[in-house]
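A.B. asks: The structure follows.
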Amino acid sequence: MPHYSIDAGELSAGQIYRLLSGTVCPRPIAWVATCDAEGRANLAPFSFFNVASVDPPVLAFSPLLDGEGRTKDTVNNLNAVGECVVHVGSEDLVEALNATSATLTPNDDEFDHAGLEKAEMPGVSVPRIKGAPVAFGCTLFDIVRFGDSPLAGSLVLARIVSIEVDEQIWDGRHVAMDTLKPVGRLAGSDYVRISDRFALERPG
Ligand SMILES: Cc1cc2nc3c(=O)[nH]c(=O)nc-3n(C[C@H](O)[C@H](O)[C@H](O)COP(=O)(O)O)c2cc1C
Numbered sequence: 078m079p080h081y082s083i084d085a086g087e088l089s090a091g092q093i094y095r096l097l098s099g100t101v102c103p104r105p106i107a108w109v110a111t112c113d114a115e116g117r118a119n120l121a122p123f124s125f126f127n128v129a130s131v132d133p134p135v136l137a138f139s140p141l142l143d144g145e146g147r148t149k150d151t152v153n154n155l156n157a158v159g160e161c162v163v164h165v166g167s168e169d170l171v172e173a174l175n176a177t178s179a180t181l182t183p184n185d186d187e188f189d190h191a192g193l194e195k196a197e198m199p200g201v202s203v204p205r206i207k208g209a210p211v212a213f214g215c216t217l218f219d220i221v222r223f224g225d226s227p228l229a230g231s232l233v234l235a236r237i238v239s240i241e242v243d244e245q246i247w248d249g250r251h252v253a254m255d256t257l258k259p260v261g262r263l264a265g266s267d268y269v270r271i272s273d274r275f276a277l278e279r280p281g
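Take any residue in the sequence shown, count from 1 to its spot, add 77: that is its number in the numbering used here.
Okay, here's the thing in structure tokens:
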């Protein structure tokens, strides 16, 4: 089959963004709460997201610099207050999640914008989303910056210090996937549900 053979340096940032977001998928979504130095809350989704370490437990997500090379509020807040609460994007709250991706001024509170209630998160000063099925309270472990160009990532490594999870979601061992209903991010405006799953036993 004919195919492109490309030196990555030949592509514009926009082209690579579309290629990566369309091929590295579906991606889980971190829905991240942070606070600025004055205690104003911020909430935003990031699908460049995964588990980086289990012991210690560390989550990784990557806010990009915007099209003008400016840092997003989430990273500014993490640099000011090294704490965050990471929720997992799920079907029941996906409209609100999308609403919190709006570009608001740093003074605007995305919890209010999306009609979400705050609840205290043990171990950190940042609030969690009341009603979210699972929340991880984290302290900042490190931020790896990949440069100053538009769309350069700032890989946030966030160490989990506290967990709030619905008893219907986790019984201490198993996660009830059909109750959690995590969603995956594809390219553009597309998402996937987990309603078509299959299992494969790992070879011994
Ligand atoms: C589902 C979804 C996933 C997103 N993933 C990312 C991402 O991984 N990295 C990123 O920089 N922006 C991502 N965005 C866009 C940010 O959420 C958006 O720029 C947001 O306004 C950033 O908020 P902040 O400036 O308050 O940090 C995503 C948006 C949506 C709706």
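C-beta: ideal position from N, C-alpha, C; glycine also. A quick note: this is a predicted structure, and the numbers were derived from the prediction, not measured.
Can you name the residues that DSSP bridges to H164?
C.D. replies: What you label residue 164 is simply residue 87 of the sequence shown in a count that begins at 1. Answer is W108, A212.
A.B. asks: Return the first residue and the last residue of the alpha helix (DSSP H) that A173 is part of.
C.D. replies: As a first step, residue 173 must be located in the sequence shown, where it is residue number 96. Looking at the DSSP string, the run of the alpha helix (DSSP H) that includes A173 is 171-176.
A.B. asks: Which residues have their C-beta within less than 6 Å of a heavy atom of ligand 1, listed in chain order?
C.D. replies: Those residues are I106, N119, A121, P122, F123, S124, F125, S139, P140, L141, K149, D150, T151, N175, S178, T180, R262, given in chain order.
A.B. asks: When you compare only the Cα positions, how much space is there between S202 and F188?
C.D. replies: One-based indexing of the sequence shown puts residue 202 at position 125. One-based indexing of the sequence shown puts residue 188 at position 111. The straight-line gap from Cα to Cα measures roughly 16 Å.
A.B. asks: Can you tell me whether H80 is buried or exposed, with buried defined as 16 or more other CB within 10 angstroms of its CB?
C.D. replies: By one-based count along the sequence shown, residue 80 stands at place 3. It is exposed - the Cβ of H80 has fewer than 16 other Cβ atoms within 10 Å.
A.B. asks: Return the first residue and the last residue of the beta strand (DSSP E) that N127 is part of.
C.D. replies: Taking the first residue of the sequence shown as 1, we reach residue 127 at position 50. 126-130 is the span of the beta strand (DSSP E), which, as asked, contains N127.
A.B. asks: Okay, do the region 249-260 and the region 158-174 touch, 3+ Cβ pairs below 8 Å being the bar?
C.D. replies: Flag = yes, the region 249-260 and the region 158-174 touch.
A.B. asks: Looking at H164: is its Cβ nearer than 8 Å to the Cβ of I206?
C.D. replies: As a working note, residue 164 is residue 87 in the sequence shown. As a working note, residue 206 is residue 129 in the sequence shown. Yes. Within cutoff.
A.B. asks: For V158, which option in D185, L141, T111 has the closest C-alpha, if you only look at C-alpha atoms?
C.D. replies: What you label residue 158 is simply residue 81 of the sequence shown in a count that begins at 1. The shortest C-alpha separation from V158 is found at T111.
A.B. asks: Pick from L155, L277, F125, E278: whose alpha carbon is nearest that of C215?
C.D. replies: For this step, residue 215 is matched to residue 138 along the sequence shown. Per the Cα distances, L155.
A.B. asks: Can you tell me which of the three DSSP states A235 falls into?
C.D. replies: Looking up residue 235 in the sequence shown gives position 158. Three-state DSSP puts A235 in a strand.
A.B. asks: On the premise that F125 lies in contact with R104, defined as a C-beta separation below 8 Å, what is that separation, rounded to the nearest angstrom?
C.D. replies: In the sequence shown, the residue the question calls residue 104 occupies position 27. In the sequence shown, the residue the question calls residue 125 occupies position 48. 7 Å between Cβ atoms; contact.
A.B. asks: In the DSSP assignment, the alpha helix (DSSP H) including L96 goes from what residue to what residue?
C.D. replies: Position 19 of the sequence shown, counting from 1, holds the residue named residue 96. Start and end: 90-100.
A.B. asks: Measure the beta-carbon distance from A229 to L174 and round it to whole angstroms, keeping in mind my assumption that it falls under 8 Å.
C.D. replies: Mapped onto the sequence shown, residue 229 falls at position 152. Mapped onto the sequence shown, residue 174 falls at position 97. Going by Cβ atoms, the distance from A229 to L174 rounds to 24 Å, so no, they are not a contact pair.
A.B. asks: Let me know the secondary structure DSSP gives D150 once reduced to three states.
C.D. replies: Along the sequence shown, one-based indexing puts residue 150 at 73. Residue state, collapsed to three classes: helix.
A.B. asks: Please determine if the region 90-109 and the region 123-138 are in contact, where contact requires at least 3 C-beta pairs separated by less than 8 Å.
C.D. replies: Verdict: yes, contact present.
A.B. asks: Going straight from the alpha carbon of S130 to that of M254, what length do you get?
C.D. replies: Walking along the sequence shown from the start, residue 130 turns up at place 53. Walking along the sequence shown from the start, residue 254 turns up at place 177. Rounded to the nearest angstrom, the two C-alpha atoms are 22 Å apart.
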